[in-house]
Amino acid sequence: MKNIVNCYELDFVKDIPIEMNLLQSECEQLHANNKNLKVALSVLILGIGAYFVYHTWFKKEEENKAETAYKN
4 MKNIVNCYEL
14 DFVKDIPIEM
24 NLLQSECEQL
34 HANNKNLKVA
44 LSVLILGIGA
54 YFVYHTWFKK
64 EEENKAETAY
74 KN
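Quick note: our numbering has the sequence shown finishing at residue 75, numbered continuously throughout.
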C-alpha cells in the first residue's frame, strides 16, 4: 500500500515550472505596460503644467502691456 502514487501531486509538481514561466512572462508584460503608462501619465502631467504656465505667463504679459498702454 505504500507504493500508491498520488497522480494529482505528480501533476502539480510537474506543472510548477510551466506555471512559473507563464507567471514570469505575464509579470514582464505588466512591467512593460506599467512603464508605458508611467511615460504617458508623465507626458500628460507635463503638458497640462506647461499649458497653465504658458497661459499664466502670457496673461500677465498682456496685463503688463495693458498697464503700460494705460499709463501712456
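Ideal Cβ positions, reconstructed from N, Cα and C, are used throughout, including at glycine. These figures come from a predicted structure and were not determined experimentally.
Backbone CA spacing between residue i and residue j [nearest angstrom]
i: W60; j: C30; result: 44 Å
i: L25; j: N36; result: 17 Å
i: V42; j: Q27; result: 23 Å
i: N67; j: A53; result: 21 Å
i: P20; j: H34; result: 21 Å
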